[in-house]
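Undergrad: Residue 885 is where the sequence shown starts when you use the numbering used here, and the numbers rise one by one after that.
Glycine included, every Cβ here is placed at the ideal spot set by N, Cα and C.
I'd like to ask some things about the structure below.
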Amino acid sequence: MAEQGNRLAEIVQRLGRDEAKALADEFGALWRGDAKVADRLAVRLAGVFRELGLVTREELEEAELKLAQLEHRLRLLEKGPPLSPPPL
């Protein structure tokens, strides 16, 4: 947890004072219900999350789906080839 805090501090430092202030202002506007800010803030947050090594819910769900598909294919391979029908 402390490592993520350090990484967040590094990101804020890299953003610079003006950009960090703009991000804080956008949070405030979003808190007040300004819908125009939501899309801009979402893009900024996605960038911050990526730099912190976090994933979005959408990315997690996509990874879970791919994992389930791979597990299914592996089970099919482990079962072996399907039995051929007896000759008539």
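List the endpoints of the continuous alpha helix (DSSP H) containing L944.
TA: 941-963
Undergrad: Could you have a look at R891 and say whether DSSP puts it in helix, strand or coil?
TA: helix
Undergrad: May I have the straight-line CA-CA distance separating H956 from K963, to the nearest angstrom?
TA: 11 Å
Undergrad: What do you reckon, are the CB atoms on L936 and R898 nearer than 8 Å?
TA: Taking 8 Å as the Cβ cut-off, L936 and R898 do not qualify as a contacting pair.
Undergrad: When you compare the CB positions of R924 and E942, do they come within less than 8 Å of one another, or not?
TA: It is not a contact, given that the beta carbons lie outside the stated cut-off.
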